[in-house]
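**Q** Taken in order, these protein sequences are the chains called A and B.
The working numbering numbers the first residue of the first sequence as 13 and each following residue consecutively.
The working numbering numbers the first residue of the second sequence as 284 and each following residue consecutively.
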Amino acid sequence: MQNLKWKAVLIVATILICVYGMIGIPKSMDEVVTNWNNNIRLGLDLKGGSLLVLQVQVQDAFKAEAITVIARLKEEMAKQAIPFAAMDNTEPKTLAEAEKIEISIKGVPLDKTSAFRTLINETLGSWVLTPVNSTDYRLTMKPTEAMTLKKDVVSRSMTTIESRINGLGLAESSVQARGGADSDSEILVSLPGLDDPARVKSILQTAAMLELYEVKDGPFARMEDALGKNGGVLPLNTKLLKSVRAAASEQNEGWYLVARTPVITGRDLRDSKPAQDEFGKWETSFILSQDAKGRFGKFTEANVGQRLAIVLDNQVKSAPTIQSRIEDSGRITGAGTNQEASDLALVLRAGSLPAGIVYLQEQTVGPSLGADSIHQGLIAGLVGLVVVIVIMLVYYAMSGVNATIALLLNAIILIGVLAYLKAVLTLPGIAGIILLIGMAVDSNVLIFERIREELRAGKATMAAIDTGFAKAFLTIIDTHVATVVSCAFLFMFGTPAVRGFAVTLVIGLVANVFTSVFVSRALFQFEMAGKGSNAKLSIGI
Amino acid sequence: MELFKNTKIDFLGKQKIFIGASLVLTAVGLVSWIGKGGLKYGIDFTGGSNLTVKFSTAPPVDKIRTLVSAKIGGEISVQEIPGQNSVIIGTPMKDELQLTAERKTLSDILEGNFGDKSGKLDFNNASADTLADKLREPLQQASVGMNEQQLRDMAKAMLSFKNTPPRSGIVTSFDQLNGVAGVTPQVIGVMKQQCTLSSFSVIGAEVVGPKIGAELRSKAVLATLYSLAGMLAYLWFRFEFIYGLAAVIAVFHDVIITLGLFSLFGKEISLNVVAALLTLVGYSMNDTIVVFDRIRETLKLSRRELNAQIVNDSVNQTLSRTIMVSGLTFVSAVSLLIFGGPVLNGFAFALVAGIIVGTYSSIFVASPILVFWHNFNQRRKKTPAAAGK
Chain A
13 MQNLKWKAVL
23 IVATILICVY
33 GMIGIPKSMD
43 EVVTNWNNNI
53 RLGLDLKGGS
63 LLVLQVQVQD
73 AFKAEAITVI
83 ARLKEEMAKQ
93 AIPFAAMDNT
103 EPKTLAEAEK
113 IEISIKGVPL
123 DKTSAFRTLI
133 NETLGSWVLT
143 PVNSTDYRLT
153 MKPTEAMTLK
163 KDVVSRSMTT
173 IESRINGLGL
183 AESSVQARGG
193 ADSDSEILVS
203 LPGLDDPARV
213 KSILQTAAML
223 ELYEVKDGPF
233 ARMEDALGKN
243 GGVLPLNTKL
253 LKSVRAAASE
263 QNEGWYLVAR
273 TPVITGRDLR
283 DSKPAQDEFG
293 KWETSFILSQ
303 DAKGRFGKFT
313 EANVGQRLAI
323 VLDNQVKSAP
333 TIQSRIEDSG
343 RITGAGTNQE
353 ASDLALVLRA
363 GSLPAGIVYL
373 QEQTVGPSLG
383 ADSIHQGLIA
393 GLVGLVVVIV
403 IMLVYYAMSG
413 VNATIALLLN
423 AIILIGVLAY
433 LKAVLTLPGI
443 AGIILLIGMA
453 VDSNVLIFER
463 IREELRAGKA
473 TMAAIDTGFA
483 KAFLTIIDTH
493 VATVVSCAFL
503 FMFGTPAVRG
513 FAVTLVIGLV
523 ANVFTSVFVS
533 RALFQFEMAG
543 KGSNAKLSIG
553 I
Chain B
284 MELFKNTKID
294 FLGKQKIFIG
304 ASLVLTAVGL
314 VSWIGKGGLK
324 YGIDFTGGSN
334 LTVKFSTAPP
344 VDKIRTLVSA
354 KIGGEISVQE
364 IPGQNSVIIG
374 TPMKDELQLT
384 AERKTLSDIL
394 EGNFGDKSGK
404 LDFNNASADT
414 LADKLREPLQ
424 QASVGMNEQQ
434 LRDMAKAMLS
444 FKNTPPRSGI
454 VTSFDQLNGV
464 AGVTPQVIGV
474 MKQQCTLSSF
484 SVIGAEVVGP
494 KIGAELRSKA
504 VLATLYSLAG
514 MLAYLWFRFE
524 FIYGLAAVIA
534 VFHDVIITLG
544 LFSLFGKEIS
554 LNVVAALLTL
564 VGYSMNDTIV
574 VFDRIRETLK
584 LSRRELNAQI
594 VNDSVNQTLS
604 RTIMVSGLTF
614 VSAVSLLIFG
624 GPVLNGFAFA
634 LVAGIIVGTY
644 SSIFVASPIL
654 VFWHNFNQRR
664 KKTPAAAGK
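#1: Check whether chain B comes within 7 angstroms of A/Leu439, counting only Cβ atoms and requiring the distance to be less than that.
#2: Looking at chain B, is there any beta carbon in it that lies within less than 7 angstroms of the beta carbon of A/Val45?
#3: Taking the alpha carbon of A/Trp48 as the reference point, which residue from A/Leu248, A/Ile424 and A/Val400 has its own alpha carbon closest?
#4: Return helix, strand or coil for B/Asn368, following the three-state DSSP convention.
#5: With B/Thr335 as the anchor, note down where its beta strand (DSSP E) starts and where it stops.
#6: Determine the extent of the alpha helix (DSSP H) in which A/Asn414 is found, giving its start and end residues.
#7: Out of curiosity, what's the CA-to-CA distance linking B/Ala559 and B/Thr507?
#8: Residues of chain B with CB under 7 angstroms from A/Met451, in chain order?
#9: Taking A/Leu66 and A/Leu56 to be in contact with their CB atoms under 8 angstroms, please state how far apart those CB atoms are, rounded to whole angstroms.
#10: By how many angstroms is the C-alpha of B/Val307 removed from the C-alpha of B/Ser315?
#11: Let me confirm a value: B/Gly356 is counted as buried when at least 16 other C-beta atoms fall within 10 Å, else exposed. Which label applies?
#12: Is DSSP giving B/Gly610 helix, strand or coil here?
#13: Which ranges would you report for the beta strand (DSSP E) in the segment 197-227 of chain A if only whole runs of at least 3 residues count?
#14: Since B/Val504 and A/Glu374 should fall inside the 8 angstroms C-beta cutoff, what is the C-beta to C-beta distance between them, to a whole number of angstroms?
#15: I need the DSSP call for A/Asp148, collapsed to helix, strand or coil.
#16: With a cut-off of 7 angstroms, does the C-beta of A/Ile215 fall near any C-beta of chain B?
#17: List, from N- to C-terminal side, the beta strand (DSSP E) runs of 3 residues or more that fit wholly inside the segment 454-494 of chain B.
#18: Beta carbon of A/Lys329: closer than 6 angstroms to some heavy atom of the ligand FMN?
#19: Using DSSP with H/G/I as helix, E/B as strand and the rest coil, what is A/Lys483?
#20: Could you tell me which chain B residues have their CB closer than 7 angstroms to the CB of A/Leu447, listed as they occur along the chain?
#21: Got a sec: which bits of the segment 443-454 of chain B sit with their beta carbon under 9 angstroms from any beta carbon on chain A, in order along the chain?
#22: Using the three-state DSSP reduction, which class does A/Leu372 fall into: helix, strand or coil?
#23: How is B/Arg604 classed by DSSP in three states: helix, strand or coil?
#24: With respect to the alpha helix (DSSP H) encompassing B/Arg587, which residues constitute its N-terminal and C-terminal limits?
#25: Cβ closer than 9 angstroms: which chain B residues qualify as neighbours of A/Glu461?
#26: Buried or exposed: where does A/Asn422 fall if 16 or more other Cβ atoms within 10 Å of its Cβ makes it buried?
#27: Any idea if A/Pro204 is buried or exposed, counting beta-carbon neighbours within 10 angstroms, 16 or more meaning buried?
#28: Please report the distance separating the alpha-carbon of A/Asn264 from that of A/Lys154.
#29: Does DSSP classify A/Thr106 as helix, strand or coil?
#30: Which word fits B/Val454, buried or exposed, when buried means at least 16 other C-beta atoms lie within 10 angstroms of its C-beta?
#31: What's the C-alpha gap between B/Arg386 and A/Phe481?
#32: Along chain A, in chain order, which residues have C-beta atoms closer than 9 angstroms to that of B/Tyr643?
#33: Quick check: what's the CA-CA separation for B/Phe673 versus A/Arg462?
#34: Quick check on DSSP: helix, strand or coil for A/Arg282?
#35: Kindly indicate the opening and closing residues of the beta strand (DSSP E) around A/Ile322.
#36: Please say whether B/Asn407 and B/Leu480 have beta carbons closer to each other than 7 angstroms?
Next up, the structure:
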C-alpha cells in the first residue's frame, strides 16, 4: 500500500513538473496563453519565417589578399631597386579554386635573384615562392595560411551578418555555421517570424563597403573618355569608379578617376543613422572614429575646392566638393525612403562583409501558411485522437480509460520535455508525435491483449495483470530500443528536418515506456486495491 | 468487446497468394516509376524555386503560366491547391544566382499583373515595419493620437488578423479590420487612403540551389539506410541475424510499394514525405518485432524447432493486437489526410498507404522469410549428413 502511495506521488509530480514547463505558474487565463507561446517554440514551417543558407564567396577575400600582397611587394621592390617586368594574380572564379590563387612575377633580372628571394622570405611569411624559369616566379599561398584565411573570412562574415540581424531586432533569430562535409563556407540563418524576406535578404547581401576617395578627375560620361584624356592608360596610383544615378536629374553621372587608396574606409566609422535633409529627403549620416578624425580633418583642409567621392560597394554614391575642413561627419544622399536610409545606416554600423555572399537556399513560410498548417494539423490531430480514444473505450471497456490516461500523460510529458529542452516543434516533429501516439496505443494494446490471454487461460485477475505486464514488457523494450537506435542514426546523418523528427520521437519513446509500463500498471493496481485478487476486471471480455 | 478470439487462420498456407500480391504491387509501382522516368521529387531534392500564392478568388492558372513562361526559361509548373484559392508556381533548377534573380522576377510579375498600380502600399503583401512607416505621418495628420509603440502594435495586430484563418493571408475590404485591437474608424479611413488591397498574397517561397538539393537527397537516403542498418544490428543482437534481415526486407518492401503508389498517383516526394516514410518504417518494424517476439517466446516454451505451425500460431495470437493498433493509427492517419490541409497532404498519404502495407508485410513478408530460411538451413544440414552415410 505504501508502495502505491509513492507511485501516485511520482506520477502527480511528473505531471506537475511537465505542466509547469509548459505554462509556468499562470496568474490569469491570458498568462496561460502567453506562457504557452513562450515555452512551446514552433519551427519556421509552423510559425512562419525564413531560413537562408548563404555561401561566403571566400575567393573574393583571396583576391583582395593577393592584391594587397602585390601592392606591398611592388613597394618593397622599388625600395630595394629590384626591377621586374610584370606582376599579376590569377582570378579564382569558384570557392574550390580560391586556395589555388597564384601571383606571377615576371622578368626579375638574374643578378637580383638572391636579393629577390631574401625579400620574399622576409616580407611574405604566408606565401611560397616557386621559380618558373630563371627570371619568372610564382607565389602560392601556404595551405595552412589559406585555411586560416578562409576560416577568418567565414567567421568575420558570420559576425557581420549576426550584427546586421541583431540590428533589425528580429527575436529568436540564429546565425550558425551550417556544418557538414564540404560546407565550411556556408552559413545557416534562421529568422522565425520574419515577414519581409526580400528586404532582409538584400540587407544581408550588401557588402556595405564604404570608402571615401580623393577625386583626381571627372566625371566622364564614358570610361573611354577618361582613358583617352590620359593617353589610353590610367595615371599612376589611380583607378576608375562608376557612379550610380540616384535620380534622373542627377548630373554627375558617369566615371570618376580617383586615388587608388581611400582616405577613409568603413572601419573608421563610429556611428551611422538615418536623417532628413532640409528638403525632407532621406539620407544616411555617419560619424568618424576618434582616430580617423584627425586624418580626415587634415585631408579635407588640404583639399578644399576639390571633390570627394563617397563610394559604397565600388559605386560612387556622390562626389561633393569640399567646402571647408571637415572633422568627423559625412552623409550619403540618395535614399528613396526612410527604410532605405535606415537599412544603409544599419549595414554601415554592422560593418562590411569581407567577401560576397550567394544564397544557396531560401525557405520562407508566410505567417498565414504557418497558421493554416497549425489550424489544420490541430483539427486532424484532435479528430484522430478522439476516434482512437472512443475505440479503445469501446473495445477495452474500463481498461480503455487507463490507456487513455496513459496516452494523454505521454503527450503532456513529451510537450513538457520539449519545453524544457527549448526544442523546436516542426512539421516532421508532428510526424514523430503521430508515430508516437501509434506506439503508445500499441504498448497499451499489447499489454491488454496479454492480460486478456492470461485471464482466458484461467489465471486470477491480479496474477493475469502481473504476467501480462511482465510479458509485454520485453516486447515493448524491443520495439522501443529498435526505434531509438534508428533515431540515433537519423539524428547523426539526417537533415535538420529529419533531426527534429528523431528528437521528438526519442523523447516520446522514453515517456512512453514510463506511461505504458509504470503508470498504466499503477492505474491497474489502484483499481484492484482493496478488492480481492480475483475481483472482476473490466477489460472488454 | 472481442473481435479476434482464438483465430486459427493459416496465414503461411496462403503465403503464395500474398507474396504474389506483393510482387504484383511492387511491379506495378516500379513500372509506373520507370515508365514516368523516375519519381516526382519536390524542389527540396531537385533544386529550383517555388512560390505559393493565395488569391482572393479562384486563381487564373493559365494566365499565370503564360505570364511566367514569358519571363523565365525552362518548364514552369503552376499547380492549383484545391479548395484553397492558392497556386504553387514552380521554376526548374538553375544555378544559385539565377534562382535568386528569378525569385524576384516572380514577385515582380505578380505585382505587375495582379497588384494595384496606384503606388499605394499593398496591405496583403506588406510587412509590419513598412505598414507602420506608411501610416505614421498620415495618422498624425489625421490627428489620431498614437505613440510609436502603439502604432507598431497596431500594425502587427492588423497583419496577424489578416494571416489568421479564415482570412489566411487575404483581406478583401479594409472594413474587415474593424474590431482589431487599436483600430478605430479613423484609422480605417487613413488606411483606405494610403493602402490598397491586391487580390493576391505571397504566402510561401522556397528556393533550393543545386548544391543543397543534391546534399539533401543524399542525406535523406543515407540517414534512412543507416537507420535500417542500425535496426538490423539490434535485431541481430536480440534475436538472430535472419530476424533482423527479414524485418529489414519487410520494411524495404513497404517503402518500395509506398514510393510506387506515389508514382502512380503522381504525388511529389518532399522532405516531409521522407519524414513520413521514416514513420512508416518505424510502424512496420514495430509490427514485425511484436510478431517476432511472440515467435521467440513460443519457441522457448515449446522447445521445438521453428516451423510454419509456430509462426502461424504466433501471428494468430498477436492478430488482435496487430489489427487494433493498425486500425487505430490508420484512423489518425486518415484524419490527417482529410483535415490536415495541403502542406500535410503528401505526408498523410504516405502514412495511410504505409500503415496498410506495413501491417501486411509483417504478416506476409517477414514471417514467411523466417520459415523459408529455417527450412532452407535444415535441408542444407541434412544433405551433407545423408551423403556421409
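Note that beta-carbon positions come from the ideal geometry of N, C-alpha and C, so glycine has one too.
**A** Let me lay it out:
#1: yes
#2: no
#3: A/Ile424
#4: coil
#5: Under the DSSP assignment, B/Thr335 falls in the beta strand (DSSP E) whose first and last residues are Gly331 to Phe338.
#6: Ser411 to Leu433
#7: If you draw a straight line from the Cα of B/Ala559 to the Cα of B/Thr507, it is about 12 angstroms long.
#8: Within chain B, the residues Asn569 have their CB atoms less than 7 angstroms from the CB of A/Met451, given in chain order.
#9: Not really, about 16 angstroms apart at Cβ, beyond 8 angstroms.
#10: Annotation: B/Ser315 to B/Val307 spans about 12 angstroms, alpha carbon to alpha carbon.
#11: exposed
#12: helix
#13: 198-204
#14: Between B/Val504 and A/Glu374, the beta carbon gap of about 24 angstroms keeps them out of contact (Cβ cut-off 8 angstroms).
#15: coil
#16: no
#17: 483-491
#18: You won't find the ligand FMN in this model; it holds no ligand whatsoever.
#19: helix
#20: Thr562, Gly565 and Tyr566
#21: Ser443, Lys445, Asn446, Thr447, Pro448, Arg450, Ser451, Gly452 and Ile453
#22: A/Leu372: strand per DSSP, three-state reduction.
#23: Look at B/Arg604 here: in three-state DSSP terms it is helix.
#24: First-last for B/Arg587: undefined, no H or E at that position.
#25: Gln600, Thr601, Ser603, Arg604 and Met607
#26: buried
#27: Counting the other CB atoms within 10 Å of its CB gives A/Pro204 a total of 16 or more, which places it among the buried residues.
#28: Confidence in A/Asn264 is poor, its pLDDT being 49 and thus under 50, which makes the residue's placement too unreliable to answer from.
#29: A/Thr106: coil per DSSP, three-state reduction.
#30: buried
#31: 58 angstroms
#32: The premise fails here: B/Tyr643 is roughly 16 angstroms from chain A at the closest Cβ pair, so nothing lies under 9 angstroms.
#33: Limits of chain B in this structure are 284 at one end and 672 at the other, which puts residue 673 of chain B out of reach.
#34: Secondary structure at A/Arg282: strand, using DSSP grouped into helix, strand and coil.
#35: Under the DSSP assignment, A/Ile322 falls in the beta strand (DSSP E) whose first and last residues are Leu320 to Leu324.
#36: yes
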